[in-house]
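2 protein chains.
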Amino acid sequence: MGLNSNDLTIGDSYSEVIVDDLTRTQIVQYAGASGDYNPVHSDEKFVTEVAGYPTVFAHGMLTMGMTGRMLTNYVGDGRLTYYGVRFVNQVWPGDTLTARAEVAAVREEDGGTVVDLTISTTNQDEKFVLTGNATARLD
Amino acid sequence: MGLNSNDLTIGDSYSEVIVDDLTRTQIVQYAGASGDYNPVHSDEKFVTEVAGYPTVFAHGMLTMGMTGRMLTNYVGDGRLTYYGVRFVNQVWPGDTLTARAEVAAVREEDGGTVVDLTISTTNQDEKFVLTGNATARLD
Numbered sequence: 000m001g002l003n004s005n006d007l008t009i010g011d012s013y014s015e016v017i018v019d020d021l022t023r024t025q026i027v028q029y030a031g032a033s034g035d036y037n038p039v040h041s042d043e044k045f046v047t048e049v050a051g052y053p054t055v056f057a058h059g060m061l062t063m064g065m066t067g068r069m070l071t072n073y074v075g076d077g078r079l080t081y082y083g084v085r086f087v088n089q090v091w092p093g094d095t096l097t098a099r100a101e102v103a104a105v106r107e108e109d110g111g112t113v114v115d116l117t118i119s120t121t122n123q124d125e126k127f128v129l130t131g132n133a134t135a136r137l138d
Numbered sequence: 000m001g002l003n004s005n006d007l008t009i010g011d012s013y014s015e016v017i018v019d020d021l022t023r024t025q026i027v028q029y030a031g032a033s034g035d036y037n038p039v040h041s042d043e044k045f046v047t048e049v050a051g052y053p054t055v056f057a058h059g060m061l062t063m064g065m066t067g068r069m070l071t072n073y074v075g076d077g078r079l080t081y082y083g084v085r086f087v088n089q090v091w092p093g094d095t096l097t098a099r100a101e102v103a104a105v106r107e108e109d110g111g112t113v114v115d116l117t118i119s120t121t122n123q124d125e126k127f128v129l130t131g132n133a134t135a136r137l138d
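Which chain is which? The protein sequence lines are A and B, in order.
Take the first sequence: its letter number 60 is residue 59 in numbering that gives the first Met the number 0, and every next letter is one higher.
Take the second sequence: its letter number 46 is residue 45 in numbering that gives the first Met the number 0, and every next letter is one higher.
Okay, here's the thing in structure tokens:
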């Protein structure tokens with residue numbers, strides 16, 4: 000169930016395709032689950048004619064959530080203690096995103112071992128959409 | 000459309016009830032939207048008989064997402080540039096959560112004005128479930 004500190008070397012990395020061809024339906028599913036019904040994420044007429052975007056786009060926190068799934072797949076469940084991100088570029092329907100974590104440090108905290116990870120998520124054009132860092136317990 | 004720097008003083012705060020009586024259905028909706036189908040969030044038999052918890056519990060990132068909705072309601076859409084949290088305690092079905100943001104600083108960054116916010120989300124027993132910080136553009 001997840002990593003342990005003996006497995007880890009600084010610079011180790013793990014990556015996953017977290018979404019392949021994001022759909023407008025998945026964005027609307029996230030609106031329903033999170034309660035964030037801002038029309039820029041679901042209303043094509045509003046977003047193009049009023050807000051001035053080319054089409055609807057994903058909630059930053061949907062990208063954050065999908066990137067977080069990669070993190071818990073890597074470190075194991077219930078181990079993530081800190082997770083922070085910068086929203087760097089927008090995510091659009093049709094995007095395919097790859098999320099990557101790299102081991103930045105393995106250290107002691109509160110009497111246990113933790114790993115610090117550097118995170119980045121890129122789209123199919125190798126453009127960063129999200130960057131960040133996370134900390135997870137290892138025992 | 001959101002805050003501007005003239006409105007803000009350090010120590011100003013904003014809060015919202017982000018969920019009132021969280022349901023197991025809402026947790027499953029989040030599983031579907033995020034693709035995180037870990038059975039600890041949806042399978043009552045597994046979680047009680049195998050994993051040893053009293054019942055299913057919410058994804059940390061569902062709490063993070065609902066707290067993020069409070070943030071965008073406060074600062075305005077498309078302005079959040081950084082968002083980082085610590086997962087402090089678990090969130091259970093039936094919980095009612097209140098999320099709060101407090102102005103920690105108003106400063107210049109990359110030629111624009113930004114606000115730094117301190118965040119906390121508490122349950123109906125005034126127990127912290129999430130703490131963190133965020134930065135948002137003001138112009």
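Glycine is no exception: its CB is placed at the ideal position from the N, C-alpha and C atoms.
Ranked by Cα distance from F86 (chain A), the options A:N122, A:M63, A:E43 are led by A:M63. The residues T97, F127, in chain order, have a CB closer than 6 Å to that of T121 (chain A) in the same chain once the five nearest residues on each side in sequence are set aside. Taking a C-beta cut-off of 8 Å against chain B, the contacting residues of the segment 64–93 of chain A are G64, M65, G67, R68, T71, D76, G77, L79, T80, Y81, Y82, G83, V84, R85, F86, listed in chain order. Taking a Cβ-Cβ cut-off of 8 Å, S4 (chain A) has no neighbours in chain B, whose nearest Cβ is about 20 Å from it. Between the segment 65–77 of chain A and the segment 102–122 of chain A there are three or more inter-stretch CB-CB distances shorter than 8 Å, so the stretches are counted as touching. Our two residues, R99 (chain A) and D42 (chain B), have alpha carbons roughly 29 Å apart in a direct line. Contact of V39 (chain A) with chain B by beta-carbon distance below 9 Å involves D76, G77. At a cut-off of 9 Å between beta carbons, S14 (chain B) makes no contact with chain A. In the three-state DSSP reduction, I17 (chain B) falls in the strand class (E or B). The beta carbon of A32 (chain B) falls within 9 Å of a beta carbon belonging to chain A, placing the residue at that interface.
In this structure, the beta-carbon distance from L2 (chain A) to V74 (chain A) falls below 9 Å. In chain order, G111, T112 place their CB closer than 6 Å to the CB of D138 (chain B), counting only its own chain and leaving out the 5 sequence neighbours on each side. Just measuring C-alpha positions, the residue of B:A103, B:V114, B:W91, B:V102 sitting nearest Y52 (chain B) is B:W91. Within the model, the alpha-carbon separation for T71 (chain A) versus D11 (chain B) is close to 35 Å. A check of alpha carbon separations from Y81 (chain A) across B:Y13, B:T8, B:N132, B:T22 identifies B:N132 as the nearest.
In the DSSP assignment, S119 (chain A) forms a beta bridge with A:R99, A:T130.
By DSSP's assignment, E107 (chain B) forms a beta bridge with B:T112. The Cβ atoms of V55 (chain A) and I17 (chain A) lie no closer than 9 Å to each other. Put simply, the CB of G131 (chain A) is near chain B, with a gap under 9 Å to one of its CB atoms. With 16 or more other Cβ atoms inside 10 Å of its own Cβ, T134 (chain B) counts as buried. Taking each of B:Q28, B:V39, B:Y36 in turn and checking the Cα distance to G34 (chain A), the smallest one comes out for B:Q28. Close partners of G59 (chain A) in chain B (Cβ separation under 7 Å): L79. The Cβ of I118 (chain B) sits no closer than 9 Å to any Cβ of chain A.
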